[in-house]
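Numbering (our numbering), first residue to last: 5 to 92. Even for Gly, the Cβ is constructed at its ideal location relative to N, Cα and C. All remarks here apply to the structure that follows.
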Amino acid sequence: MPDDHIALRFARDNELLIHGEFDLAQMYDERSCIAVTGTNGKTTVTMMINQMLNTSGIKSKAVGNTDTPLVEAIQDQSLANCSGGIFL
């Protein structure tokens, strides 16, 4: 969403808190999370980290810009025992 979007301007003008997907997920889930950012290669790096963790015995799931949004993943019961990283 652009910084000058009417909804963001309204929120700022009225001193309302603005939360993104990562913020919301962290409010409702205590599992570790690794965020991968940048211009190029985010999905590749995310998938590599996920593979390394799983190969090392740390259960993790790549979410976010993959098949599963982060806020959906924290509600997925099949991931309830995922004590490794959740990726964004």
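A15 and F26 have their C-alpha atoms roughly 18 Å apart. In the structure shown, the three-state DSSP call for A39 is coil.
Spanning the alpha carbons of D8 and G61 requires a straight line of approximately 45 Å.
Going by beta carbons, L28 and V75 fall inside the 7 Å limit. Residue burial is scored here from C-beta neighbours: T50 has at least 16 other C-beta atoms within 10 angstroms and is therefore classed as buried.
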